[in-house]
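Residue numbers (our numbering): 11 to 392.
The beta carbon of each residue, even a glycine, is placed where N, CA and C say it ideally should be.
Working notes, beginning with the structure itself.
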């Protein structure tokens, strides 16, 4: 009886050892492997933020060229058409000046006659004074000394001079010259057309600079160093710079300007304040000969304030709804940190609180983050 019992005991022990040996690897295989995460070690730095806006380029100076005299157009500028360019002093339109030349000659003739009469009258006045000194008694009357006649002749001389000056001025005004370097936005007359005083000849704008109205909210204004300047007292050396860009074909064209002034009131509907940016030399070759023309819609980045001891994170790592980020601690376990976000921009988020230098911010690798989860740091793929 003892022998079978011993054999049975040995068999049970052997079976237990075999089962235990095979179950240990199975249990080990069932344990989940910690997820591999990529991290970014952050350090505090100094960052200058930007404020985005948009607007349409408009000429700084734009006028209607108006004729001041009547006459037929006898000459126009070779580039007198929409889009044509000109330089300051160029003759844009010339009106037939012969009527004013004739008027000037007639005025000169009347002036010569009036001056002759004045010389005669002055001689008669001198003769009258001598005669009164010899023959007269008491004080001479103005009529006796021919004073009224002298005043009349002098008035005729002045009128003839004024007529001559007016005719000369009208002759000058028969030629309309460009008051600045610029382009023609629209023309309203052409060769052979008869003009009347006050008629619009063309619409011109200067090409020395363009301006863009850039609306910003009061929240955005807090990130800008914008004193309440006007063009009169503003300094371009301290004004924030502005980078403006637009897409032309498949390329991106950029221009650099600066804030020249702020408008004096908020928009009643949006509550925004418009900053005015000036772009000098918009037709320069900085964009391979592609000029900045009025009417082009531009995206703008305005230079903002500089902040120190802040952190910069890519937007993908921040939960913007909860303003939280995942951190890997020294024990390779996840931590969820609340951030104090200073400013969110298109390609970065600037953080002023909630992080410390050397923190390892999780970039990717965690689908369902849990506080205290064990992770493995993987090499960062550039």
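Check your understanding: Quick one: what's got a C-beta closer than 7 Å to residue 208's C-beta in the same chain, skipping five residues either side?
Key -> Within the chain shown, residue 208 is the residue found at index 198, counting from 1. Excluding positions up to five away in sequence, the list reads 76.
Review point. Taking only runs of the beta strand (DSSP E) that begin and end inside the stretch 142-209, which ones reach a length of at least 3 residues, in chain order?
Key: As far as the stretch 142-209 is concerned, its whole beta strand (DSSP E) runs of at least 3 residues are 185-187 and 192-197.
Check your understanding: Where do the N-terminal and C-terminal ends of the beta strand (DSSP E) with residue 64 fall, by residue?
Key -> Here residue 64 refers to the residue found at position 54 of the chain shown. 55-69 is the span of the beta strand (DSSP E), which, as asked, contains residue 64.
Check your understanding: In its own chain, which residues sit with a C-beta less than 6 Å from the C-beta of residue 221, not counting the 5 before and 5 after it?
Key -> Here residue 221 refers to the residue found at position 211 when the chain shown is read from its first residue. Within the same chain, and ignoring the five residues on either side of residue 221 in sequence, the residues whose Cβ sits closer than 6 Å to its Cβ are 68, 70, 286 and 288.
Exercise for review: Report the rounded CA-to-CA distance for residue 108 versus residue 116, giving the unit in angstroms.
Suggested key: Taking the chain shown and counting its residues from 1, the one referred to as residue 108 is at position 98. Taking the chain shown and counting its residues from 1, the one referred to as residue 116 is at position 106. Residue 108 and residue 116 have their C-alpha atoms some 12 Å from each other.
Point to revise | Contact between the stretch 175-189 and the stretch 48-62 (3+ Cβ pairs under 8 Å) | key: Contact between the stretch 175-189 and the stretch 48-62 is absent, because fewer than three Cβ pairs lie under 8 Å.
**Study point:** Residue(s) in a DSSP beta bridge with residue 261
**Key:** Here residue 261 corresponds to residue number 251 of the chain shown, with the count starting at 1. Answer by DSSP bridge pairing, in chain order: 258.
**Study point:** Close beta carbons around residue 374, own chain, < 6 Å, minus the five adjacent residues each side
**Key:** To locate residue 374, count along the chain shown from 1; it is residue 364. Contacts found: 48.
**Study point:** Local conformation of residue 384 per DSSP, three classes
**Key:** Start at 1 with the first residue of the chain shown, and residue 384 comes out as number 374. Taken through DSSP and simplified to helix, strand or coil, residue 384 comes out as strand.
Review point. In terms of alpha-carbon separation, which member of 290, 180 and 132 lies closest to residue 79?
Key: If you number the chain shown from 1, residue 79 lands on position 69. The shortest Cα separation from residue 79 among 290, 180 and 132 belongs to 180.
Review point. Whole-angstrom Cβ separation of residue 333 and residue 349, contact assumed at under 8 Å?
Key: Translated into the one-based positions of the chain shown, residue 333 becomes position 323. Translated into the one-based positions of the chain shown, residue 349 becomes position 339. Right, the Cβ-Cβ distance comes to about 5 Å (below 8 Å), so this counts as a contact.
Exercise for review: Check whether the stretch 198-205 touches the stretch 263-276, counting contact only when three or more Cβ pairs, one atom from each stretch, lie closer than 8 Å.
Suggested key: Judged by pairs of C-beta atoms under 8 Å, the stretch 198-205 does not touch the stretch 263-276, as fewer than three such pairs exist.
Exercise for review: Give the straight-line distance between the Cα atoms of residue 167 and residue 123, rounded to the nearest whole angstrom.
Suggested key: Residue 167 sits at position 157 when you count from the first residue of the chain shown. Residue 123 sits at position 113 when you count from the first residue of the chain shown. Rounded to the nearest whole angstrom, the C-alpha separation of residue 167 and residue 123 is 8 Å.
Review point. Does the beta-carbon distance from residue 338 to residue 372 come in below 8 Å?
Key: Within the chain shown, numbered from 1, the residue matching residue 338 stands at position 328. Within the chain shown, numbered from 1, the residue matching residue 372 stands at position 362. Yes. Within cutoff.
Point to revise | Residues sharing a beta bridge with residue 285, DSSP | key: In the chain shown, the residue the question calls residue 285 occupies position 275. According to DSSP, residue 285 bridges with 224 and 272.
**Study point:** Integer Cβ distance of residue 81 from residue 106, believed to fall under 8 Å
**Key:** Within the chain shown, numbered from 1, the residue matching residue 81 stands at position 71. Within the chain shown, numbered from 1, the residue matching residue 106 stands at position 96. Sure, about 5 Å apart at Cβ, within 8 Å.
Check your understanding: Would residue 377 be called buried (16 or more neighbouring beta carbons within 10 Å of its own) or exposed?
Key -> Taking the chain shown and counting its residues from 1, one reaches residue 377 at position 367. When all chains shown are included, residue 377 counts as exposed.
Review point. Are the CB atoms of residue 274 and residue 252 nearer to each other than 8 Å?
Key: The residue labelled residue 274 in the question sits at position 264 within the chain shown. The residue labelled residue 252 in the question sits at position 242 within the chain shown. No, these two residues do not count as a Cβ contact at 8 Å.
Practice item. Return the CA-CA distance between residue 74 and residue 186, expressed in angstroms with no decimal places. Key: Working through the chain shown from its first residue, we reach residue 74 at position 64. Working through the chain shown from its first residue, we reach residue 186 at position 176. Residue 186 has its alpha-carbon roughly 12 Å from the corresponding atom of residue 74.
Exercise for review: Assuming residue 63 and residue 224 form a contact by the criterion Cβ under 8 Å, report the distance between their Cβ atoms to the nearest whole angstrom.
Suggested key: In the chain shown, residue 63 corresponds to position 53, counting from 1. In the chain shown, residue 224 corresponds to position 214, counting from 1. With a Cβ gap of about 4 Å, residue 63 and residue 224 count as contacting.
Point to revise | Reduced DSSP category for residue 280 - H, G, I as helix; E, B as strand; rest coil | key: On the chain shown, position 270 is the one that residue 280 refers to. If DSSP states are grouped into helix, strand and coil, residue 280 belongs with coil.
Check your understanding: Going along the chain, which residues of its own chain have a beta-carbon closer than 6 Å to the beta-carbon of residue 309, five neighbours each way excluded?
Key -> Position 299 of the chain shown holds residue 309. Leaving aside the five residues that flank residue 309 on each side, the residues in its chain whose CB is nearer than 6 Å to its CB run, in chain order, 64 and 255.
Practice item. Please go through the same chain and pick out, in chain order, the residues whose beta-carbon is closer than 8 Å to the beta-carbon of residue 184, but skip the five residues on each side of it. Key: If you number the chain shown from 1, residue 184 lands on position 174. Here the set comprises 79, 81, 104, 105, 106, 107 and 110.
Exercise for review: Report the rounded CA-to-CA distance for residue 336 versus residue 324, giving the unit in angstroms.
Suggested key: The count along the chain shown starts at 1 and reaches residue 336 at position 326. The count along the chain shown starts at 1 and reaches residue 324 at position 314. So the alpha carbons of these two residues sit roughly 13 Å apart.
Exercise for review: Take residue 280 as the anchor and find which of 229, 303 and 326 has the nearest alpha-carbon.
Suggested key: Taking the chain shown and counting its residues from 1, one reaches residue 280 at position 270. Residue 280 has its Cα closest to that of 229, out of 229, 303 and 326.
Check your understanding: Quick one: what does DSSP say residue 36 is sitting in, helix, strand or coil?
Key -> Residue 36 sits at position 26 when you count from the first residue of the chain shown. Legend: pLDDT at residue 36 = 49, less than 50; position of this residue unreliable, no value from coordinates given.
Point to revise | residue 328 versus residue 66: straight-line alpha-carbon distance, rounded | key: For this step, residue 328 is matched to residue 318 along the chain shown. For this step, residue 66 is matched to residue 56 along the chain shown. Pairing residue 328 with residue 66, the inter-Cα distance amounts to about 34 Å.
Practice item. Using the Cα positions of residue 140 and residue 121, report the straight-line distance between them to the nearest angstrom. Key: Position 130 of the chain shown, counted from the first residue, corresponds to residue 140. Position 111 of the chain shown, counted from the first residue, corresponds to residue 121. Cα-Cα distance, rounded: 29 Å.
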